[in-house]
Amino acid sequence: MKVPISWLSDYVDIDMPIEMLSHKLTMSGLEIGSIDTIGGDWGDLIVVGRILEINPHPNADRLKVPLIDVGQEEPVSVVCGAPNIRVGQNIAYASEGAKLTNPKTGQLEQLRKAEIRGISSLGMVCSSMELGISDDHQGILELDQELLPGTPLTDILGDQILETELTPNRPDCLSVVGTAYEVAALTDQDVTYPDTSYFIGDSADEIGSVMEVFVEEPNLCLRYTGTVVRNVQVGPSPSWLTNRLERAGIRPINNVVDITNYVMMELGQPLHAFDRAKVTGNTIYVRSAKDKEILKTLDGQVRNLTKETLVIADVSGPIGLAGIMGGANTEVDDATNDVFLEAANFSASSIRQSRSLLNLNTEASYRFERVLQPELALRALKRATKLLVEICNGSVTRGHIDVYPGKTEPQNITVSLNKLGRMLGAEFSYSQVLSVLLKLGFAELRQPSSVNDLIDTLDPSAAANRDYSLTVTPPYWRSDINIEEDVVEEFARIFGYDNLPSKRLTSEVPEFTPNQYLELKEIVRDNLVGTGMSEMVSYVVTSRENLRTVGAWPDSERAMKLLNPMDQTKPWLRSSLLGNLCEGLARNHRVAPSGVRMFEIGHVFTWAMNQSHDDLPNETEHLVGGITGLRSNVSIWQQAEEVVDFFDLKGILEHALPVKLNFSPADHPALKPGGCASISVNGAEVGYIGQINENVAGFFELPKDRTFIFEVDLEALSNTYDNTPKLFESVARFPSSARDIALLADKQRSSAEIESIIGAHKLVEDVLPIDSYIGDGIPEGTKSLTYRIIFQSETGTLESGDVDKAQRQIMRSLKHQLNVDERFHVD
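The numbering of the sequence shown is my numbering, which starts it at 404 and goes up by one.
Structure representation (structure tokens):
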């Protein structure tokens, strides 16, 4: 929001340097992003000039040579190509040495004396863009006729503009008056509120005889006010109004439209003016659009409407998008005679949904999305009506429309001074607190009614001994104040957080209670980062195609779609993290094709088969990770670059998760058949790991032969995690013995089953798979598996006979249980 100081000064005195005011506002929570100065480079080199005569250029048909009175003894002549110059016009004249904005480059440049087509030009007649006031450079800037030639332009148009960066809960400061209340509270002043008295013109018509309004969606349109102004004279707005709009970032159009925009910027309430003659019939309907209805809006675009869009309509169809933009079919133009003026209050969620569906952002929608108070609508209507009468010479019908189906009484809030003192760490008197709140626009409902109350207002320490309180009504324009703590915050930020006294903590530090689940997450995160993986964070919304590609689309009945998605292409809550992971891998792979390692910990959302859609979905936290490209640990001994494989990711996962993992062959819709394994802990399945299949690789544009991913349910994993302190185990005192053994097993037999039986022997310390072979020399339907077995005893050094005996026992178990034979063993 751009707030010109010249405009702000209409409502509150600015008697301090702009930098100091900016600091005060920022420290109170109203952050000032920048301060722009208009006219800071003008000095005395740009002044008011009056065109005395206009002569044709002898060598150029499109150029003219005006003679200009600039307040000196002799007039000056310049060469000008602007189409809108005329004799008697007051303009902005820049002499040699002035700094002006070049419309082509946007940079400040110093003006030099020039000869244009053989005619000397001693200066320049300026446009608004060249002066840095607005983006308009189609013609010269016209100044008020009462200005005297030679008056420095900085005295007339010089200004400073505060650009505020607001949080969504402060729509009140999307207005000059709302900002004025902040300044008033910080500088101990009262606000001069703009005149909102209702104007009764010469029209003899009652409003009910010329227009009526039916609100068919009272939950979406909380209040609708309007009136008819007749015999308006549409034309350019006065310069004071256009100057203010341009400095606030609004492009002037005509006086009627400019007035609605002016009041919106002044009070924060959007308005709209319809050409009454273009409205069919005498009835306005506020309703949901019908499927396949269309509306050409004021920006010239034809909008396809759906039932989710709230519209303003007459008997013939939509004439405006409620709270967003009017329709071209009722646009106010130079031929307009009567206007219907609207000021309404619309549901924030409805406007947000319509704006998102139509991809149409406006100043009006920006304000409605942040929740405006219904009480503001009528005040804005009265203010705009008054300006239409004064500027456009209109006459107003008697009475006005005010449809307010859900009117509520103002909310009163009681604040305990004791509680306020405890929260802020200091004692404050009744008068201290009340003074600040009144400056912010609060109304007091309870006043001191006894001698003790009066003493409390003067002595805060007296109030500390009793639970004294005050009751106030929040300002009607503040939608963010609802509870006692909100009022305390208002007082604290105006009093100044940096002015509150510092105190030691008097309460005991609470005892730390370990959380097993959080501990597991941090261990996993740290371990994954330690392996060289980068953490990513993605949105919880995704597309239907994304979910279907990775096999995570439940079905239309159980999929969760947002009612008001920020991105219409991604309206679904994710039921798996795999799609988001693949998007991240693909995006980074395009930048770094040599290798990418990424993981994410995030929530997924599911509905059980028998769960009602009225219930909240199940929300669980999952871990996903993936690698693609080349191995990162390149060795100088390698003959060629090596790509990642299944076992690279398996090793990362085994290192990262502080539990014993078991892997078994499995199938998954996103993974390659024969290249996928389920992950289980103590018999409970917790996830999947494997190589992506061709469908996933094609959709996300990933290399199918070198991309491997996993997904683990962290909450299921936490049920198997034991975080009890581990007892120290002494290092083995006796040496170990290693044997390599080659086995012949059925082709479908999993390595995990074999490892489990080998590892069950009491003398086996570890089992390491070395090789898997299918081919020549191996019977059809079988495969050769080679393992290294580490034998070790806790009671003594193993002799060769001990190891041989253990190996025979293992082979008997493998033969009996799995029908696995020994091919040969290597000592």
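Here a beta-carbon is modelled for each residue, glycine too, at the ideal position from N, C-alpha and C.
Item                                                                                                                        : Value
Contact the segment 936-954 vs the segment 1061-1077: 3+ CB pairs below 8 Å                                                 : yes
Anticipated Cβ contact below 8 Å, T1031 with L988, distance rounded                                                         : 6 Å
Test item: CB-CB of M430 and D901 under 9 Å                                                                                 : yes
Residue environment, Y665, which counts as buried when at least 16 other CB atoms sit within 10 Å                           : buried
Where D659 falls: helix, strand or coil (DSSP)                                                                              : Looking at the sequence provided, one finds Val at residue 659 rather than Asp. In the structure shown, V659 sits in a helix (DSSP, three-state: H, G or I).
Whole-angstrom distance between K1053 and K427, CA atom to CA atom                                                          : 57 Å
Selected residue, minimal CA-CA separation from G446, among L569, G500, L466                                                : G500
Beta strand (DSSP E) segments (min. 3 residues) lying fully within the segment 449-499                                      : 449-459, 467-472, 493-498
Sequence-distant residues of the same chain with beta carbon closer than 7 Å to D1230, five excluded per side               : Bear in mind that a pLDDT of 49 at D1230, under 50, signals an unreliable position, so the number given afterwards is only what the model happens to contain. R1142, listed in sequence order.
Selection from L625, I522, A587, K906 that minimises the alpha carbon distance to E830                                      : K906
Minimum Cβ-Cβ distance from S437 to chain C less than 9 Å                                                                   : In the structure shown, chain C does not exist; there is a single protein chain.
Separation of P904 from E1231, as counted between CA atoms                                                                  : For the chain, the structure presents residues 404 to 1230; residue 1231 sits outside this window and is missing.
Beta-bridge partners of G1005, as assigned by DSSP                                                                          : H1025
Cβ pair H675, E745 closer than 9 Å                                                                                          : yes
Rounded distance between the beta-carbons of G484 and I471, thought under 8 Å                                               : Contact flag wrong, Cβ pair sits at about 15 Å.
Nearest residue (CA-CA) to Y1176, options T1198, D736, A1145                                                                : A1145
CA-to-CA distance, K1186 to L1217, given in whole angstroms                                                                 : 15 Å
Chain-order list of residues whose beta-carbon lies under 7 Å from that of V1007 (same chain, five-residue window excluded) : R977, S978, S979, L980, T1023, H1025
For L589 and I417, the rounded distance between their alpha carbons                                                         : 11 Å
Beta carbon of T368 nearer than 9 Å to that of R1000                                                                        : The requested residue 368 is not part of the displayed model; the chain covers only 404 to 1230.
Contact under 9 Å by Cβ, R773 with N572                                                                                     : yes
Extent of the continuous alpha helix (DSSP H) run through I1055                                                             : 1049-1059
Q592 versus V839, E1202, G1180, residue with shortest Cα-Cα distance                                                        : V839
Element boundaries [beta strand (DSSP E), containing R1142]                                                                 : 1140-1149
The alpha helix (DSSP H) enclosing F1102, as first and last residue numbers                                                 : 1097-1103
Beta carbon of F1002 nearer than 9 Å to that of E938                                                                        : yes
C-alpha distance - N646 paired with G824, whole-angstrom precision                                                          : 46 Å
Opposing strand residues paired with I519 [DSSP bridges]                                                                    : I522
Straight-line Cα distance separating M423 from A866                                                                         : In this predicted model, A866 has a pLDDT of only 49, less than 50, meaning its place in the structure is not dependable enough to derive any value.
Straight-line gap, L841 to T663 (C-alpha atoms, nearest Å)                                                                  : 29 Å
Same chain only: Cβ atoms within 8 Å of K1150, ignoring 5 sequence neighbours per side                                      : I1177, G1184, T1185, K1186
According to DSSP, residues forming a beta bridge with H426                                                                 : Its beta-bridge partners do not exist; DSSP assigns none.
V1046 versus A995 - alpha carbon distance                                                                                   : 14 Å
Separation of E549 from A692, as counted between CA atoms                                                                   : 51 Å
C-beta contact flag for S759 and G726 at 9 Å                                                                                : no
Whole-angstrom distance between E778 and G899, CA atom to CA atom                                                           : 30 Å
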